[in-house]
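The opening residue of the sequence shown carries number -7 in this note's numbering; numbering runs sequentially from there. Glycine included, each C-beta is placed from N, C-alpha and C at the ideal position.
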Amino acid sequence: MAGSSSGKKRVVRRIHKGRVCGCLTVFVIIFILISTLINGCTKKHNLQKQKESSEPSISTSVNDHSSSETETKKSEYIVIVDPGHGGEDVGSANGDRLEKVDNLRYASVVYEELLNREGIKPIITRTSNDTYMNNEERAKFANDAGADLYLALHRNKSDDSTANGLEIWFQQDHTIIDDVFGYKLEQALTKVGVQNNRGVQFGYTNDKQNNFQIIEWTDMTACIIELGFISNDEDNRLFDAHYKDYAKAIADATESLCREGYLDKVKEPQ
Ligand SMILES: [Zn+2]
């Protein structure tokens, strides 16, 4: 009995062994199949993920590339440097001191400074205090030159001899370019040192609905810089001591505006 029962057990074990082997084989096959499937899915998913994650960066870089290529970055910016008044039009005066002379003094340095800045072509409207141009001629001169920027350089005047400081004027309907340039000029000039920063202003003196003629008639970004009051002695002292530094500051602000691409967005001449 013992022999036959152990033989049965062996048979049962063999049968068990066979079943276990069969089960294991099936299990292994299923495992391999599932792993293959999972692997395949994961790879596909990873590829998809890679594709998804690479797409924005590719498109971003393509966008960056295309924007820098399609946006016609100018190789040269034409800047009109316009010393206000001249000839029979002396501008404001304080005794023998004439605005037309002060304007040319600092405008000449702005012009010289800009000549040395790469990618900027300055054009000065007059080099003599005997030259007269009216505002219509000045605007036409700038428009015909296809200028990108127009700088009208003046000094202020008041019947009140205590009035003093810096003023920068832009058109009443000002653009982001006007705002940026105004800020840059203000920062650069006050850094040199002014008695009083009267700030960036828009429109026309005491009439915010109108513009100064020269700003109205020019097709490009245009501003008037009133560099201190000729009617104020301290402003005149500051002007005489620092006009070259003021001029350099104006050139720095101009160069910065060009470098940052603001003038590439300028409206086409009308
Ligand atoms: Zn003036």
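Would DSSP call aspartate 225 helix, strand or coil? helix
Where valine 184 and glycine 174 are concerned, what is the direct C-alpha to C-alpha distance, given to the nearest angstrom? 16 Å
I believe aspartate 81 touches tyrosine 124 by the beta-carbon criterion, under 8 Å. Please report the beta-carbon distance rounded to the nearest angstrom. 6 Å
Rounded Cβ spacing between phenylalanine 221 and lysine 149 (contact assumed at less than 8 Å): 6 Å
Which of helix, strand or coil DSSP assigns to threonine 123: coil
Where arginine 118 sits in the DSSP three-state scheme: coil
Kindly indicate which three-state DSSP category arginine 190 falls into: helix, strand or coil? strand
So the alpha helix (DSSP H) leucine 141 belongs to, where does it begin and stop? Note, leucine 141: premise wrong, no alpha helix (DSSP H); beta strand (DSSP E) at 141 to 148.
With hydrogens ignored, establish whether the beta-carbon of serine 84 is closer than 7 Å to any heavy atom of ligand 1. yes
Am I right that glutamate 208 and arginine 109 are in contact with their C-beta atoms under 8 Å? What's the rounded C-beta distance? The pair is not a contact, with the Cβ atoms about 28 Å apart (cut-off 8 Å).
Please work out which residues of its chain come closer than 6 Å, Cβ to Cβ, to histidine 166, disregarding the five sequence neighbours upstream and downstream, and give them in chain order. Phe194
Taking aspartate 136 as the reference, which of Thr182, Lys92 and Ile115 has the closest Cα? Ile115
Less than 6 Å between C-beta atoms, sequence neighbours within five positions excluded: which residues of the same chain meet that for glutamate 252? none
With a threshold of 7 Å, establish whether the CB of glycine 76 neighbours any heavy atom of ligand 1. yes
Near tyrosine 98, what residues of its chain come up, given a Cβ to Cβ distance below 7 Å and the 5 sequence neighbours on each side ignored? Leu145, Leu219, Tyr235, Tyr238 and Ala239
In the DSSP assignment, what residue or residues form a beta bridge with phenylalanine 162? Phe194
Would you say isoleucine 112 and tryptophan 161 are within 8 Å of each other, going by their C-beta atoms? no
Using only alpha-carbon positions, find the residue among Glu105, Asn121 and Glu68 that is nearest to glycine 83. Asn121
Taking C-alpha atoms, which residue in Leu177, Glu68, Leu107 and Arg229 lies nearest to arginine 89? Arg229
Using CA atoms only, rank isn't needed, just tell me which of Val93, Val71 and Ala131 is closest to leucine 106. Val71
When Asn203, Ser153 and Phe133 are compared against asparagine 224, the one with the closest alpha-carbon: Ser153
Just the C-alpha distance for leucine 255 and isoleucine 169, rounded to the nearest angstrom, thanks. 8 Å
Do aspartate 227 and glutamine 179 count as a contact pair if the criterion is CB distance below 8 Å? no
Any chance the CB of isoleucine 146 is under 7 Å from a heavy atom of ligand 1? According to the sequence shown, residue 146 is histidine rather than isoleucine. Within the cutoff, so yes.
Among Gly76, Tyr103 and Val101, the one whose alpha carbon lies nearest that of lysine 92: Gly76
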